[in-house]
Structure formats: C-alpha cells, structure tokens
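In this note's numbering, the protein residues as written are 269 to 469. Here the structure comes first, spelled out in structure tokens, and everything after it is commentary.
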Amino acid sequence: MKTLEQALSTFVETHRTFELQGHFTPIQPDTLQQQWPDNIPSSAELDYYLSHYEPNDILIETGFAPIIFWSIDQLQQALIGYRWVGMSEPFEASDTWPSHWVIIADDLGKGKPILVDTHQEGTPVYAGYDAGNPFLIASNLADFFTAMTAWIEVVYGSFDVFEITDDDSVVLPEFDAQLKAAIEPILGAELFAHFYDYFYG
269 MKTLEQALST FVETHRTFEL QGHFTPIQPD TLQQQWPDNI PSSAELDYYL SHYEPNDILI
329 ETGFAPIIFW SIDQLQQALI GYRWVGMSEP FEASDTWPSH WVIIADDLGK GKPILVDTHQ
389 EGTPVYAGYD AGNPFLIASN LADFFTAMTA WIEVVYGSFD VFEITDDDSV VLPEFDAQLK
449 AAIEPILGAE LFAHFYDYFY G
C-alpha cells in the first residue's frame, strides 16, 4: 500500500500544481463504510484511494475528450449502461459485465470507461470503448496513478493540453515521443501501447 500512497500523493499534488479542475478530499473510514453502495465491490487499493483522495468534480482535459473521475456516490450511476442495462429502472444485470469490475472514471460523454478489477491483487486497471472488451492499461492502481502523473506533466507541462496536435488534429510526433519516454518505463511497452490507444488511438 506504500507504493499506492506515494503514487496518489504525487498525482494529487501534480493535479494541484497545474490547477486542474476539481479537488480531492479525505473522508473518515466509518464514513466510507456508510457511503459505500452495498452492491458495489471493493478492494484494499480502491478503499485506500477513495477514502484518502475522493475525487470531487475532477475533470482532466486530454487534448481530445476530457476524463472525469467518479466520487463514491457516483459509482452506481457510472455502471448504468455497463453492469446494469435497460431503458429505465429497474435495470437488469448485464450478461457480459463482471460484477467485480468498478468504473472509476470515464470520458465526458460516458463512453470510454476506466475500470478496476477488485478481485485481482493490486487492483489492475482496464479501459475500453462502448461495445468493445476492456483492455489492461496498468497492472495495478499504483502504476495507473503514477502513469497519470507522468501523463499530466507531459500534456500540461511540456505542450499545453490543446497544442498536442497539428492543424489536422493529428497528434504531434514529438508529443508521442515524450509521452512514450515518460510512461513506458512505468507500464512496460505493451501496457503503454494500450494506455496510449485509450487516450489517443
């Protein structure tokens, strides 16, 4: 958990340094238990994240579609259309969405979920598109937030978020190179490719 603690602390400080939208707040453990939805599974890493750094109105621009991070009271709503399907309440459980997958973030249009697997050690992080199968982008939650910190430093620190593409909206080669140099050592080549595909593929 020490690694996750360091990763989250650095991520939140970087978020603050670049004055990104929203803020993170700690909550008491008993408050977490009271607020946690009965039908949403958890893990030690997910508990640590949401009890120490619950996201409030977090929105991070990517240069393309913004990413929003869900607070505890939004976790159930975030799963509608994924774990629970149908046109109106009462929703039905999806036949294809494992119940131990929890969405922690999505794009602003709610079509590109970032989710964690609460049944695997370290709480791996996956991402996906509406109709496709989610793919692994980080072996654990700590690596995900470490990669996100490096990503923010490149997107906001080196390029200014809306200057990562040319006039034809093609991602700049120099941006690709810096992002790869910053994040591939954290995730490894295969998972960096997945991470990049989620944001810019």
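We put the beta carbon where it would ideally sit given N, CA and C, even for glycine. It should be emphasised that the depicted structure is a prediction, and the values quoted were computed from it without experimental measurement.
Among the options, the one whose alpha carbon lies nearest that of residue i
i: tryptophan 341; options: Pro334, Ile308, Ile420 and Ile328; result: Tryptophan is not the amino acid found at residue 341; the sequence shown has aspartate there. Nearest option by C-alpha distance: Ile308.
i: tyrosine 316; options: Asp444, Ala275, Thr417 and Asp435; result: Ala275
i: methionine 416; options: Asp374, Ile451 and Pro441; result: Ile451
i: isoleucine 405; options: Asp434, Tyr464, Gln388 and Thr271; result: Tyr464
i: tyrosine 466; options: Trp304, Pro381 and Ser426; result: Pro381
i: isoleucine 454; options: Ala410, Gln345 and Ala361; result: Ala410
i: phenylalanine 403; options: Gly377, His462 and Phe430; result: His462
i: alanine 457; options: Phe443, Ser407 and Pro441; result: Ser407
Where residue i sits in the DSSP three-state scheme
i: glutamate 386; result: Sequence inspection shows threonine at residue 386; the glutamate mentioned does not correspond to that position. Coil.
i: glutamate 360; result: strand
i: alanine 346; result: helix
i: tyrosine 317; result: helix
i: glutamate 329; result: coil
i: isoleucine 335; result: strand
i: isoleucine 340; result: helix
i: valine 280; result: helix
Range covered by the beta strand (DSSP E) that runs through residue i
i: methionine 414; result: Before going on, a small fix: residue 414 reads as threonine here, not methionine. Per DSSP, threonine 414 belongs to no beta strand (DSSP E); it is in the alpha helix (DSSP H), 409-420.
i: isoleucine 371; result: 369-375
i: threonine 293; result: 289-293
i: tyrosine 394; result: 393-395
i: phenylalanine 427; result: First-last for phenylalanine 427: undefined, no H or E at that position.
i: phenylalanine 403; result: 403-406
Boundaries (first-last residue) of the alpha helix (DSSP H) holding residue i
i: isoleucine 451; result: 441-455
Exposure label - residue i; buried when at least 16 CB within 10 Å
i: phenylalanine 473; result: No statement about residue 473 is possible, as the shown extent of the chain runs from 269 to 469 and does not include it.
i: glycine 331; result: buried
i: phenylalanine 412; result: buried
i: alanine 449; result: exposed
i: glycine 396; result: buried
i: glutamate 360; result: exposed
i: arginine 249; result: Residue numbering for the chain in the displayed model covers 269 to 469; residue 249 lies beyond these limits and cannot be assessed.
i: leucine 376; result: exposed
Chain-order list of residues whose beta-carbon lies under 6 angstroms from that of residue i (same chain, five-residue window excluded)
i: threonine 433; result: Val439
Residues of its chain near residue i, where Cβ-Cβ distance is below 7 angstroms and the 5 sequence neighbours each way are ignored
i: alanine 346; result: Trp338, Ile371 and Asp374
i: aspartate 436; result: none
i: glutamate 329; result: Val429
Own chain residues within Cβ distance below 8 angstroms of residue i, not counting five before or after
i: serine 362; result: Tyr350, Arg351, Trp352 and Val353
i: tyrosine 424; result: Phe286 and Leu288
i: glycine 469; result: none
i: threonine 386; result: Pro309, Ser310, Ser311, Leu314, His368, Trp369 and Val370
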